[in-house]
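Asks: Sharing a structure here in C-alpha coordinates format.
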Amino acid sequence: MPAVQDPLVERIRQILKATFRDDTVDVSLSGIRDNIHVIVVSRAFDQMQENAKQEHLWSLIDQSNLTAEEKARISLILAYSPDDLK
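Be aware that the sequence shown starts at 179, since it is given in this note's numbering, and climbs by one per residue.
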(Lines of atoms letter the chains of each structure in order from A and count residues from 1; the text may use other names and numbers.)
(Lines give C-alpha, C1' and ligand atoms only; values in the text may rest on other atoms or scores of the structure.)
Protein backbone atom coordinates (compact mmCIF):
# COMPACT_ATOMS: atom_id res chain seq x y z
CA MET A 1 0.00 0.00 0.00
CA PRO A 2 1.59 3.35 -1.02
CA ALA A 3 2.31 5.92 1.68
CA VAL A 4 -0.16 8.77 1.90
CA GLN A 5 1.55 12.06 1.05
CA ASP A 6 0.69 15.11 3.11
CA PRO A 7 -0.49 17.83 0.69
CA LEU A 8 1.17 20.53 2.82
CA VAL A 9 4.58 19.00 2.08
CA GLU A 10 4.04 19.54 -1.64
CA ARG A 11 2.65 23.06 -1.14
CA ILE A 12 5.73 24.11 0.82
CA ARG A 13 7.99 22.53 -1.79
CA GLN A 14 6.23 24.48 -4.55
CA ILE A 15 6.51 27.75 -2.60
CA LEU A 16 10.28 27.31 -2.25
CA LYS A 17 10.84 25.94 -5.79
CA ALA A 18 9.33 29.16 -7.16
CA THR A 19 12.46 30.92 -5.86
CA PHE A 20 14.96 28.05 -5.95
CA ARG A 21 14.02 26.59 -9.36
CA ASP A 22 17.34 24.89 -10.16
CA ASP A 23 18.36 24.12 -6.59
CA THR A 24 17.74 21.25 -4.21
CA VAL A 25 14.59 21.67 -2.16
CA ASP A 26 13.70 18.77 0.12
CA VAL A 27 10.50 18.94 2.14
CA SER A 28 9.45 15.90 4.12
CA LEU A 29 7.57 14.70 7.16
CA SER A 30 9.88 14.50 10.16
CA GLY A 31 8.40 11.27 11.48
CA ILE A 32 7.45 13.00 14.72
CA ARG A 33 3.78 13.93 14.93
CA ASP A 34 2.96 15.89 11.77
CA ASN A 35 6.08 18.07 11.81
CA ILE A 36 7.74 19.01 8.54
CA HIS A 37 11.46 19.42 7.81
CA VAL A 38 12.81 21.61 5.02
CA ILE A 39 16.29 21.56 3.50
CA VAL A 40 17.40 23.90 0.70
CA VAL A 41 20.81 23.76 -0.97
CA SER A 42 21.53 26.76 -3.17
CA ARG A 43 24.38 28.96 -4.41
CA ALA A 44 22.13 31.85 -3.33
CA PHE A 45 23.39 31.10 0.19
CA ASP A 46 27.07 31.59 -0.71
CA GLN A 47 28.63 34.14 1.65
CA MET A 48 25.42 34.46 3.71
CA GLN A 49 25.46 34.21 7.48
CA GLU A 50 23.29 31.47 9.02
CA ASN A 51 20.73 33.90 10.42
CA ALA A 52 20.35 35.57 7.00
CA LYS A 53 19.75 32.18 5.36
CA GLN A 54 17.05 31.37 7.91
CA GLU A 55 15.44 34.80 7.58
CA HIS A 56 15.35 34.46 3.80
CA LEU A 57 13.60 31.08 3.87
CA TRP A 58 11.15 32.11 6.59
CA SER A 59 10.31 35.31 4.68
CA LEU A 60 9.32 33.19 1.67
CA ILE A 61 7.15 31.02 3.92
CA ASP A 62 5.65 34.08 5.63
CA GLN A 63 4.80 35.69 2.26
CA SER A 64 2.92 32.58 1.15
CA ASN A 65 -0.74 31.88 1.75
CA LEU A 66 -0.03 29.28 4.44
CA THR A 67 -2.02 29.60 7.64
CA ALA A 68 -0.34 30.09 11.00
CA GLU A 69 -1.20 26.48 11.86
CA GLU A 70 0.42 25.22 8.66
CA LYS A 71 3.57 27.29 9.26
CA ALA A 72 3.74 25.96 12.82
CA ARG A 73 4.12 22.43 11.43
CA ILE A 74 7.57 23.38 10.06
CA SER A 75 9.85 22.28 12.87
CA LEU A 76 13.17 22.55 11.02
CA ILE A 77 14.50 24.64 8.14
CA LEU A 78 18.10 24.16 7.02
CA ALA A 79 19.74 26.30 4.35
CA TYR A 80 23.08 25.36 2.84
CA SER A 81 25.41 26.61 0.17
CA PRO A 82 26.99 23.69 -1.74
CA ASP A 83 30.30 24.84 -0.22
CA ASP A 84 28.84 24.24 3.25
CA LEU A 85 28.50 20.56 2.38
CA LYS A 86 32.10 20.04 1.29
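Glycine is no exception: its CB is placed at the ideal position from the N, C-alpha and C atoms.
What would DSSP say about S206, mapped onto helix, strand or coil?
Replies: In the sequence shown, the residue the question calls residue 206 occupies position 28. DSSP places S206 in strand when its eight states are reduced to three.
Asks: Grab the span of the alpha helix (DSSP H) containing A196 for me, first residue to last.
Replies: On the sequence shown, residue 196 is found 18 positions in, with the first residue counted as 1. Careful: A196 lies outside any alpha helix (DSSP H) and carries neither H nor E.
Asks: Who does L254 pair with in a DSSP beta bridge?
Replies: As a working note, residue 254 is residue 76 in the sequence shown. Beta-bridge pairing links L254 to H215.
Asks: Does DSSP put N229 in a helix, in a strand, or in coil?
Replies: Taking the sequence shown and counting its residues from 1, one reaches residue 229 at position 51. Helix at N229.
Asks: How many angstroms separate the CA atom of I252 from the CA atom of L244?
Replies: Locating residue 252 in the sequence shown gives position 74, where the first residue counts as 1. Locating residue 244 in the sequence shown gives position 66, where the first residue counts as 1. When rounded, the distance between both Cα atoms is 11 Å.
Asks: Inspect the CB distances between the segment 200-210 and the segment 232-244 and report whether three or more fall short of 8 Å.
Replies: Short answer: they don't touch.
Asks: Kindly indicate which three-state DSSP category K264 falls into: helix, strand or coil?
Replies: Locating residue 264 in the sequence shown gives position 86, where the first residue counts as 1. Coil, per DSSP.
Asks: By the three-class DSSP mapping on this structure, what secondary structure does D184 have?
Replies: Against the sequence shown, residue 184 aligns to sequence position 6. Looking at D184 - three-state DSSP - the assignment turns out to be coil, as it is neither helix nor strand.
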